[in-house]
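What follows is a single structure, written as structure tokens, with notes after it.
There are 2 protein chains.
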Amino acid sequence: MGDTRTRRPRADAQRNRDSILAAADEAFREQGTGASLEGIARRAGVAIGTLYGHFPNRRALSAGLLRERHTALFELGDELPGRNRPLDALAEWMGAVAVHAAAYRGLAALLMESLDDEASELHQACAQMAAVTGALLAAARAAGTVRADVTGADVHALMNAAAWMREQVPAEQAEHLLDMLVDGLRPGRDSGS
Amino acid sequence: MGDTRTRRPRADAQRNRDSILAAADEAFREQGTGASLEGIARRAGVAIGTLYGHFPNRRALSAGLLRERHTALFELGDELPGRNRPLDALAEWMGAVAVHAAAYRGLAALLMESLDDEASELHQACAQMAAVTGALLAAARAAGTVRADVTGADVHALMNAAAWMREQVPAEQAEHLLDMLVDGLRPGRDSGS
DNA sequence: ACCTGAACACCGTTCAAGT
DNA sequence: ACCTGAACACCGTTCAAGT
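Chains as they are written, first to last, in our numbering: chain A, 15 to 207; chain B, 15 to 207.
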């Protein structure tokens, strides 16, 4: 017994970590995932070395920033299948991920490349995202409401492309575009030209 | 008579311009549109000030790089309507633009933001792209093979999103994804859930 | 155990001086 | 008319020295 597996951090370290995350959130929101790390350290009131001590690289910082956001997303993913018809559940999931991945400019690309990169600090989250996507897709396929040739990787790409478009067009248009993407998943009448 | 409207440049200036463009093409291909300008100047064997003398900013350099590529694209755009059924022509156009906009990482985003930004050196080309897109879309709509609520701006966004995906997934999957995007443009049987 | 900030290598951009 | 490169302000990343 006694202390748990992860030691409790020193109080000042915890405070610094929180300041860095708060500053990074602001900076990423304003300038995207490529925002200056020195600027973030300055905003947080810590030395640049302190930032690197907590987050050894940019992706680790992004992962720290997205932790809570991701658990909220996965909770939604757990509830969706019960509440809707399969294709609607999948469509809602795609919308939620698209909104999520549009939180910071550049995030969609990060999530895209981290799915296949096990070294990425975001890989865990992407794998879990892929699991939810796969389950919802399988249900929709079983119901015959999606094309048989759509893979989970396809849906992953489409969700993140929707997020990318969200970074570039008004929200209303982005919703419309997502609707059309989802429509493209339905089985067509003639698969020819 | 005598000299034409645009003066012929000094021979060394022309040579430098060409070297810069060749070096930029290599660098953009390898590292995307955010590649180091100093690195490009170095590769081209000119001083950094020479690069700025020819291209006052990154977008101007991109525009110089895309000039020929764009005219080839527009020639295709002119030929397409005569050769295919309207939706096929639109689909082929979207594919050609997607391949074009995936030439350099970051280019799709540049083309996206330059459509509405008249100050951008790429605006001209984007406007012309939009004109072709609009014509092909109008023909497909007249034939009743696309949804009535699809705008030219929507197609512009989808083409560039296809290019963005092309930067992240294998070419074969990218083709498949574009097919599905195009399928989403077709009129659906029920517009409800 | 954690924090600091100097040190290094790099980059974007401008502009006085040259030819 | 064009080219050069120093100058300035900035950034990513590491690491010896501190507490």
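Where is the CB? At the ideal position from N, CA and C, for every residue including glycine.
Residue i - containing alpha helix (DSSP H), residue span
i, result
"A/Tyr66", "62-68"
"B/Ser76", "72-97"
"A/Asp197", "185-197"
"B/Glu44", "25-45"
"A/Pro201", "Run containing A/Pro201: none; DSSP gives neither H nor E here."
"B/Val146", "137-156"
"B/Asp168", "166-180"
"B/Leu124", "121-128"
"B/Val113", "100-115"
"B/Ala55", "51-58"
Proximal residues of chain B, C-beta to C-beta of residue i below 9 Å
i, result
"A/Met179", "Met126, Ala171, Leu172, Asn174, Ala175, Trp178"
Residue i and residue j closer than 8 Å at C-beta
i, j, result
"A/Met194", "A/Ala112", "no"
"B/Ala49", "B/Ala55", "no"
"A/Arg212", "A/Thr47", "Chain A is shown only over 15 to 207; residue 212 of chain A falls outside these bounds and no answer can be derived."
"A/Ala177", "A/Ala116", "yes"
"A/Leu129", "A/His170", "yes"
"B/Leu150", "B/Trp107", "yes"
"B/Leu38", "B/Pro95", "Sequence check: residue 38 of chain B is Ala here, not Leu. No, Cβ-Cβ distance for B/Ala38 and B/Pro95 is not below 8 Å."
"B/Asp197", "A/Gly148", "no"
"A/Arg57", "A/Glu40", "yes"
"B/Asp168", "A/Leu51", "no"
"A/Gly166", "A/Ala144", "yes"
"B/Val146", "B/Phe88", "yes"
"A/Ala175", "B/Met179", "yes"
"B/Ala141", "B/His84", "no"
"A/Gly78", "A/Leu124", "no"
"A/Ser33", "A/Gly53", "no"
Interface residues of chain A facing residue i [CB-CB closer than 8 Å]
i, result
"B/Ala167", "Val183, Gln187"
"B/His190", "Asp163, Asp168"
Interface partners of residue i on chain B, CB under 7 Å
i, result
"A/Gly198", "Met194, Leu195, Asp197, Gly198"
Contact set between residue i and chain B, taken where Cβ atoms lie within less than 8 Å
i, result
"A/Gly202", "Asp197, Arg200"
Please identify, using Cβ separations under 9 Å, the residues of the stretch 122-152 of chain B that lie next to chain A, in order along the chain. Ala122, Ala123, Met126, Glu127
Hey, is the stretch 134-146 of chain A in contact with the stretch 63-77 of chain A, meaning 3+ C-beta pairs nearer than 8 Å? yes
Meets three-Cβ-pair contact criterion under 8 Å: the stretch 19-37 of chain B and the stretch 181-191 of chain A: no
Between the stretch 155-168 of chain A and the stretch 99-109 of chain A, are three or more C-beta pairs nearer than 8 Å? yes
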